[in-house]
Amino acid sequence: MAHKMAHKMDRLLFGDNQFFGINHMSEEKARAGAMRFQKTQAIVDVLDVALAEGVRTFMCTTHDRILEIVEIMKANPAKYADFIFYPGMPYAHKYANAVTEDGYLGTLKRFLPQEGLFDAAVRGGMSIANKDVEGLITLLVDAEMKMFEGVNAPVVFLQNVVVDLLLGLKFKDAFRIFADHVRKRYNAEPGFITMNLPLLLRALEAQGVENPIVCANMNKIGFRMSGGWDAYVAAIDAYPCRVIAMSIYASGAIPPAEAIAWVAEQPQIESMVFGASSRGNIRNTVELVKAADARRAIAA
Amino acid sequence: MVRVGVVGMGKMGLSHLAVINAHAGVEVAGICDSAKYVLDVLGKYTGLATFTDYEVMLKSVELDAVLIATPSAMHGPMVRAALDRGLHVFCEKPFCLDPDEGAALADLAKSKGLICQVGYHNRFIGAFREVKRLVDTGAIGRVTHVLAEAYGAVVTKPKGSSWRTQRAQGGGCLYDYAAHPINLVTWLFGAPATVAGAALVPVFSAETDDQVYGTLRYDGGLTAQVSVDWTDTSVRKMTTRLTLWGTAGRLYADRQEIQLFLRDDVGALPDGYTAGWNTRYTTELSDPVDFYLRGEEYSAQIDGWIAAIGGGALENDFASAVETDRTLAMFIDNDGAVEANFRAPAPAAAKTGMIGKLMGRR
Numbered sequence: 437m438a439h440k441m442a443h444k445m446d447r448l449l450f451g452d453n454q455f456f457g458i459n460h461m462s463e464e465k466a467r468a469g470a471m472r473f474q475k476t477q478a479i480v481d482v483l484d485v486a487l488a489e490g491v492r493t494f495m496c497t498t499h500d501r502i503l504e505i506v507e508i509m510k511a512n513p514a515k516y517a518d519f520i521f522y523p524g525m526p527y528a529h530k531y532a533n534a535v536t537e538d539g540y541l542g543t544l545k546r547f548l549p550q551e552g553l554f555d556a557a558v559r560g561g562m563s564i565a566n567k568d569v570e571g572l573i574t575l576l577v578d579a580e581m582k583m584f585e586g587v588n589a590p591v592v593f594l595q596n597v598v599v600d601l602l603l604g605l606k607f608k609d610a611f612r613i614f615a616d617h618v619r620k621r622y623n624a625e626p627g628f629i630t631m632n633l634p635l636l637l638r639a640l641e642a643q644g645v646e647n648p649i650v651c652a653n654m655n656k657i658g659f660r661m662s663g664g665w666d667a668y669v670a671a672i673d674a675y676p677c678r679v680i681a682m683s684i685y686a687s688g689a690i691p692p693a694e695a696i697a698w699v700a701e702q703p704q705i706e707s708m709v710f711g712a713s714s715r716g717n718i719r720n721t722v723e724l725v726k727a728a729d730a731r732r733a734i735a736a
Numbered sequence: 085m086v087r088v089g090v091v092g093m094g095k096m097g098l099s100h101l102a103v104i105n106a107h108a109g110v111e112v113a114g115i116c117d118s119a120k121y122v123l124d125v126l127g128k129y130t131g132l133a134t135f136t137d138y139e140v141m142l143k144s145v146e147l148d149a150v151l152i153a154t155p156s157a158m159h160g161p162m163v164r165a166a167l168d169r170g171l172h173v174f175c176e177k178p179f180c181l182d183p184d185e186g187a188a189l190a191d192l193a194k195s196k197g198l199i200c201q202v203g204y205h206n207r208f209i210g211a212f213r214e215v216k217r218l219v220d221t222g223a224i225g226r227v228t229h230v231l232a233e234a235y236g237a238v239v240t241k242p243k244g245s246s247w248r249t250q251r252a253q254g255g256g257c258l259y260d261y262a263a264h265p266i267n268l269v270t271w272l273f274g275a276p277a278t279v280a281g282a283a284l285v286p287v288f289s290a291e292t293d294d295q296v297y298g299t300l301r302y303d304g305g306l307t308a309q310v311s312v313d314w315t316d317t318s319v320r321k322m323t324t325r326l327t328l329w330g331t332a333g334r335l336y337a338d339r340q341e342i343q344l345f346l347r348d349d350v351g352a353l354p355d356g357y358t359a360g361w362n363t364r365y366t367t368e369l370s371d372p373v374d375f376y377l378r379g380e381e382y383s384a385q386i387d388g389w390i391a392a393i394g395g396g397a398l399e400n401d402f403a404s405a406v407e408t409d410r411t412l413a414m415f416i417d418n419d420g421a422v423e424a425n426f427r428a429p430a431p432a433a434a435k436t437g438m439i440g441k442l443m444g445r446r
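As given, the protein sequences belong to chains A and B, one line each in that order.
In my numbering, each number is its position in the first sequence, counted from 1, plus 436.
In my numbering, each number is its position in the second sequence, counted from 1, plus 84.
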């Protein structure tokens, strides 16, 4: 299959944990974040600051509130013409809670498109009857992608809880089904977030997903890099892929300048994702990355 | 290579299956659930051998061990069947709804030399391990009071009936949620002498409790307040906390961090800590795992069990889980009024006709 030209990722991507009460270091900080970003406009204000500083790619979950952000941006097309979403799906909490309440089939019914689309009915119905996950996976992707209609979403990620669950189960075909569907239906690149990069890269190759975009913890202290730094580098060398580093500060354990200087020097890393809530921190991060990349360019 | 059968393909069972299936020292020899649909999908896409009947799985595949993640009321008979066959057991929490049954199984496991663990994963969280180390070494002196808390948004409206909504089947905030912080307290101090002021409060549930409050009293004066609420929609996911007051300081911990205040006038300070406030984060308190899913602790507890089968030290053995079960039973006994509402007349076995609903998963 002929793919479109590979999407060029920005060096620096903006994450969304800070907006939704997620902080891997402190529950108090997480709560403070949830309070500060209770109103969606507060999130958009920070995204505006990021955009002004040249950070225009927003890597976000399919949290319900993202839809509100999308709506605000669609209402201001000129202002957000260059803005890019990298959706990451699913927002696992809503499914986990539903499974406990309704069981697996009940959950599927709840989240599959409800509009009575003939296509959805056929895909869903056939899938359930044949115990064939292709129709289910593609329907769930479509349900999650609905909120991104009309905005630029050139890379679509599968979130780490699902990726890593499938990896542990050694579940066949699912990554390929996701990748093919994202390419065909959304003309986008598939991405995979993981806490187990070496395992993931082997599984993606086994399923025939070529040169995948992957996002994993990459930080100087090796925090949540399952198997360790050497195993990560060896896997990246062995299996061609495009790497986005996340958790570059290791939840705040590494000072920003030191963290970024180190990440920027790693030739395996194409992009990095970071979260920040203030203009000062966003600008500081942008400047640190520019300076580190400049040093690397001179050294080369 | 340890050959393991996994029974119960609910949320916890699937998560355990992924973790143990990724373990380099384990071969998953069979998976079991009464829900045929889920099982068939898993069989088709993972290639694992599937069984809808636990006994059939035990008879037809060569196993060294089983991992049991079924509804709590089924733990007892399933654990016994495994022990009778000489298999090591990992069982989800709570262990047994009847502490005497649990104690008998703990004795049986011990007499057979089998390595048996219960899934209290908080004991594998770095921050709580550091709490255990600090308390055991006397860092905050004699502990006088503990506040053990857990909050989450599990039951936020009335729900349809399932095993999780019935006290008699092991459903409810006490068995499912409060068991975790209480297990941390019994890890540090053992089972209490008495439980007083227990309040097992239904908020949205009809047949079980949604809030758990009460005081554990120990010989020697230590008290522990338990405050657990799984109707709290302000928290994103389950939040378990311990705060301990001692004669030499105060110690707070959740899964992310510990905050330790130490007096400067009571002798030697623990290594690496100073007088006044100290903070340590999960990044320095967690040991890395080979496979990560949802938190280091889920892999660490399975790694610990497999290592113990190979001769390593065992954490969360059946006997320690029975201490927690006994403490949970003390809450029910102390809370007479609510107990009358929830202690269903029919024992669990009488309901197994609803096999699809009951036999499967947690």
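Glycine is no exception: its CB is placed at the ideal position from the N, C-alpha and C atoms.
Bear in mind the structure is a predicted one, so any value in this text is a computation, not a measurement.
Spatial distance of residue i from residue j (CA atoms)
i             : j             : result
residue 442/B : residue 382/B : Confidence at residue 442/B is low in this model, with a pLDDT of 39, below 50, so its placement is unreliable and no value can be given for it.
residue 92/B  : residue 158/B : 10 Å
residue 685/A : residue 695/A : 6 Å
residue 507/A : residue 271/B : 50 Å
residue 247/B : residue 192/B : 27 Å
residue 433/B : residue 519/A : Reliability fails at residue 433/B, whose pLDDT of 41 lies under 50, so the model's placement of it is uncertain and the value that follows must be treated cautiously. Whole-angstrom Cα-Cα distance: 59 Å.
residue 336/B : residue 585/A : 46 Å
residue 438/B : residue 276/B : Only weak support is given to the placement of residue 438/B: the predicted model assigns it a pLDDT of 36, under 50, and the question is left unresolved by the model.
residue 444/B : residue 538/A : Caution applies to residue 444/B, whose pLDDT of 44 falls short of 50 and renders its modelled position unreliable; the model cannot decide the point.
residue 491/A : residue 701/A : 20 Å
residue 318/B : residue 244/B : 23 Å
residue 189/B : residue 89/B  : 19 Å
residue 499/A : residue 455/A : 11 Å
residue 740/A : residue 691/A : No answer is possible for residue 740/A: it lies beyond the span of chain A, which begins at 437 and ends at 736.
residue 612/A : residue 377/B : 21 Å
residue 634/A : residue 670/A : 8 Å
Presumed contact (8 Å Cβ cut-off) between residue i and residue j, rounded CB distance
i             : j             : result
residue 311/B : residue 412/B : Between residue 412/B and residue 311/B the Cβ distance is about 15 Å, and since that is not below 8 Å, they are no contact.
residue 678/A : residue 706/A : 5 Å
residue 117/B : residue 282/B : Not confirmed; about 35 Å, so no contact.
residue 114/B : residue 85/B  : Actually they do not touch by this definition, with Cβ atoms about 15 Å apart.
residue 594/A : residue 525/A : 7 Å
residue 604/A : residue 375/B : 6 Å
residue 268/B : residue 208/B : Going by Cβ atoms, the distance from residue 268/B to residue 208/B rounds to 11 Å, so no, they are not a contact pair.
residue 569/A : residue 259/B : Contact doesn't hold; Cβ gap of about 33 Å is too wide.
residue 462/A : residue 340/B : 6 Å
residue 657/A : residue 681/A : Incorrect: roughly 13 Å between the Cβ atoms, too far for contact.
Beta strand (DSSP E) segment containing residue i, residue limits
i             : result
residue 454/A : That residue, residue 454/A, is in no beta strand (DSSP E); it is neither H nor E in DSSP.
residue 361/B : 360 to 365
residue 645/A : Note, residue 645/A: premise wrong, no beta strand (DSSP E); not H, not E.
residue 525/A : 520 to 525
residue 247/B : From DSSP, residue 247/B is part of no beta strand (DSSP E); its letter is neither H nor E.
residue 494/A : 493 to 497
residue 152/B : 149 to 152
residue 87/B  : 86 to 91
residue 671/A : No beta strand (DSSP E) contains residue 671/A, which is instead part of the alpha helix (DSSP H) from 665 to 674.
Test: residue i CB closer than 8 Å to a CB of chain D
i             : result
residue 694/A : The structure shown has no chain D; the protein chains it does contain are A and B.
Counterpart residues of residue i in DSSP-defined beta bridges
i             : result
residue 295/B : 285/B, 313/B
residue 401/B : 201/B
residue 346/B : 333/B, 360/B
residue 626/A : 592/A
residue 235/B : 313/B, 323/B
residue 341/B : 365/B
residue 229/B : 307/B, 329/B
residue 175/B : 152/B, 202/B
Endpoints, alpha helix (DSSP H) assigned at residue i
i             : result
residue 264/B : 263 to 273
residue 571/A : 569 to 581
residue 617/A : 610 to 622
residue 704/A : No alpha helix (DSSP H) holds residue 704/A; DSSP gives it neither H nor E.
residue 113/B : It is not in any alpha helix (DSSP H) - residue 113/B instead sits in the beta strand (DSSP E) that spans 110 to 116.
residue 213/B : 210 to 220
residue 501/A : 500 to 510
Can you give me, in chain order, the residues of the region 127 to 152 of chain B that have a beta carbon less than 8 Å from any beta carbon in chain A?
128, 129, 130, 131
At a CB distance below 7 Å, what residues from the region 461 to 473 of chain A approach chain B? Give them in sequence order.
461, 462, 463
Short of 9 Å Cβ to Cβ, which residues in the region 334 to 349 of chain B face chain A?
338, 339, 340, 341
Interface positions of the region 615 to 640 of chain A facing chain B (Cβ-Cβ less than 9 Å), listed along the chain:
Cβ contacts with chain B: 630, 631, 632, 635.
With 9 Å as the limit, tell me which residues of the region 354 to 383 of chain B have their beta carbon closer than that to any beta carbon of chain A; keep them in chain order.
363, 365, 366, 367, 368, 370, 372, 373, 374, 375, 376, 377, 378, 380, 383
In the region 262 to 279 of chain B, which residues sit with their C-beta less than 8 Å from some C-beta in chain A, listed in chain order?
none
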